[in-house]
Amino acid sequence: MKTLTEYLWFNTKNKKEFINITDEVQKVVTKSGIKEGFVLVSAMHITAGVFVNDEEEGIKSDLMEWAEVIAPFRKDYKHHRTGESNADAHLKSILFHHQVIVPVTKGELDLGPWQQIFYAEFDGQRRKRLIIKVMGG
Amino acid sequence: MKTLTEYLWFNTKNKKEFINITDEVQKVVTKSGIKEGFVLVSAMHITAGVFVNDEEEGIKSDLMEWAEVIAPFRKDYKHHRTGESNADAHLKSILFHHQVIVPVTKGELDLGPWQQIFYAEFDGQRRKRLIIKVMGG
Amino acid sequence: MKTLTEYLWFNTKNKKEFINITDEVQKVVTKSGIKEGFVLVSAMHITAGVFVNDEEEGIKSDLMEWAEVIAPFRKDYKHHRTGESNADAHLKSILFHHQVIVPVTKGELDLGPWQQIFYAEFDGQRRKRLIIKVMGG
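Just so you know, the sequences run in chain order E, U and A.
Counting in the working numbering, the first sequence runs from 1 upward without gaps.
Counting in the working numbering, the second sequence runs from 1001 upward without gaps.
Counting in the working numbering, the third sequence runs from 2001 upward without gaps.
Pasting the structure below:
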């Protein structure tokens, strides 16, 4: 059994942004030499998500608008009594989930034809981190 | 460490449908000979989900109605400018999540008494695929 | 490859409650002797969730209020024809997801600075169970 752990850093230009990280995840899998196993891709912050969906501008825009409808920015969240202003980003992180597991088969990410891996930043413009951990043989 | 990878195909009669796949997942685990480990059950399409819940007609109907309330069909999604009409299915896939990990203990799915594994089709009536990958020893 | 499986039991005072279980998960990882791997933390009931977020009273209150907005208690769910009254807890379980995978690095939970693991009880005041399963080397 082998493992490899790597971290990606982000510092997005926008407050909210989706970043396609499929190639970066594949690079870590290739570097690990693991042929059969799982790769965990997991945000290390509580105001970000990770999800698998389509690399198409329209749906990415729809997903971000939907996040705002279901988990809207509001001033009166209780979390804001601490001086924070990002409670909506916590809710969005729960809605999208903060991690995915991608199966690795014959050394490749075993994704469907349209599946791409995205980092979902909901409170950006500062340095944030994500873990990629591969385990297998 | 051992792994086994199998794929299930679906072609649902209805556009939206929940399919109980617990027995199929157990069969793959049994075939793998793995006694202790994890089995990943993951949709390979971006308009489908996988979830664990109750095999009871009422709650399955409630869940599908709730999906439509939270991630409704609408004509004016930006994704539809590509000619597609299934943006709501992408949102529903995010809401339900597209995968679960089931623990395997003594060769069996280690589920609670009411837990069953479902494939959630949100844009069916065409061939779609799911991966079941077991890893353990 | 090693594994260790443990179960936690809950019997919450309130119907709905978030319980920080980070220390319990770390204890199981330490007991396993596993240095590199994954730990699965998964509710064994269909009316509970597991999530990673912030140990801050305000956001925990915001999250519970949000759960009630998005997946409200209602009398007229179809599930209630069975005599049950907890359909909203099933929906909340889907919204929050019922499990997380935490990476284990050098024998420790590899979490970001604010990440804590919570058991989310949405239909409590009775005995319920959660599985913690570590796999690695």
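Every residue gets a Cβ at the ideal spot worked out from N, C-alpha and C, and that includes glycine.
Bounding residues of the beta strand (DSSP E) (the contiguous stretch that carries residue i)
i	result
Leu1095 (chain U)	Here Leu1095 (chain U) belongs to no beta strand (DSSP E); instead the alpha helix (DSSP H) covers 1087 to 1096.
Trp2009 (chain A)	2002 to 2010
Leu1111 (chain U)	Premise fails: Leu1111 (chain U) is in no beta strand (DSSP E) and is neither H nor E.
Arg1129 (chain U)	1128 to 1136
Asp1077 (chain U)	The displayed chain sequence assigns Tyr, not Asp, to residue 1077 (chain U). Tyr1077 (chain U) -> no beta strand (DSSP E), and no H or E assigned at all.
Gly1037 (chain U)	1037 to 1043
Phe2118 (chain A)	2116 to 2121
Gly2049 (chain A)	2048 to 2053
Ile2101 (chain A)	2099 to 2105
Beta-carbon proximity of residue i to residue j, cut-off 9 Å
i	j	result
Ala67 (chain E)	Tyr77 (chain E)	no
Asp62 (chain E)	Leu1095 (chain U)	no
Gly1137 (chain U)	Gly1037 (chain U)	yes
Thr2005 (chain A)	Asp1110 (chain U)	yes
Val2134 (chain A)	Ile2070 (chain A)	no
His2097 (chain A)	His1097 (chain U)	yes
Tyr2007 (chain A)	Arg2127 (chain A)	no
Val142 (chain E)	Ile132 (chain E)	No answer is possible for residue 142 (chain E): it lies beyond the span of chain E, which begins at 1 and ends at 137.
Val1029 (chain U)	Glu1108 (chain U)	yes
Extent of the continuous alpha helix (DSSP H) to which residue i belongs
i	result
Ala2071 (chain A)	Unbroken run through Ala2071 (chain A): none, as it is neither H nor E.
Glu17 (chain E)	Run containing Glu17 (chain E): none in the alpha helix (DSSP H); it sits in the beta strand (DSSP E), 17 to 20.
With 16 other Cβ atoms within 10 Å as the buried cut-off, status of residue i
i	result
Gly987 (chain U)	Since the first and last residues shown for chain U are 1001 and 1137, residue 987 (chain U) lies out of range.
Glu1056 (chain U)	buried
Gly1124 (chain U)	buried
Lys2106 (chain A)	exposed
Glu2121 (chain A)	buried
Ser93 (chain E)	buried
Ser1085 (chain U)	exposed
Lys60 (chain E)	buried
Any non-hydrogen atom of the ligand COA within 8 Å of residue i CB
i	result
Glu84 (chain E)	This structure lacks the ligand COA, and indeed carries no ligand of any kind.
**Message:** Quick test of the definition: if touching needs 3 or more C-beta pairs under 8 Å, does the stretch 1007 to 1018 of chain U touch the stretch 6 to 21 of chain E?
**Reply:** No: the two stretches stay apart, fewer than three of their Cβ pairs being nearer than 8 Å.
**Message:** Using a Cβ distance threshold of 8 Å, determine whether the stretch 2027 to 2043 of chain A contacts the stretch 1091 to 1110 of chain U, with at least three qualifying pairs required.
**Reply:** Contact between the stretch 2027 to 2043 of chain A and the stretch 1091 to 1110 of chain U is present, because at least three Cβ pairs lie under 8 Å.
**Asked** Using 8 Å as the Cβ pair cut-off and three pairs as the minimum, do the stretch 15 to 27 of chain E and the stretch 109 to 122 of chain E touch?
**Response** Yes, they touch.
**Asked** Along the stretch 33 to 52 of chain E, what residues have a CB closer than 8 Å to any CB found in chain A?
**Response** The residues in question are Phe38, Leu40, Ser42, Ala43, Met44, His45, Ile46.
**Stretch-stretch touch, CB-based, cutoff 8 Å, three pairs: the stretch 2055 to 2075 of chain A with the stretch 1049 to 1060 of chain U** = At 8 Å Cβ cutoff, the stretches do not touch.
**Asked** Going along the chain, which residues of the stretch 1079 to 1110 of chain U sit with their C-beta nearer than 9 Å to a C-beta in chain A?
**Response** Going along the stretch 1079 to 1110 of chain U in chain order, one finds Leu1095, Phe1096, His1097, Val1100, Ile1101, Val1102, Pro1103, Val1104, Thr1105, Asp1110 with a Cβ nearer than 9 Å to chain A.
**Prompt:** In the stretch 2006 to 2026 of chain A, which residues sit with their C-beta less than 7 Å from some C-beta in chain E, listed in chain order?
**Reply:** Per Cβ criterion, the list is empty.
**Asked** Of the residues that make up the stretch 1064 to 1075 of chain U, which ones have a beta carbon closer than 8 Å to any beta carbon in chain E?
**Response** For the stretch 1064 to 1075 of chain U, the residues whose beta carbon sits under 8 Å from a beta carbon of chain E are, in order, Ile1070, Ala1071.
**Item:** Cβ-based contacts, 9 Å cut-off: residues of the stretch 1125 to 1136 of chain U near chain A
**Value:** The stretch 1125 to 1136 of chain U vs chain A, Cβ under 9 Å: Met1135, Gly1136.
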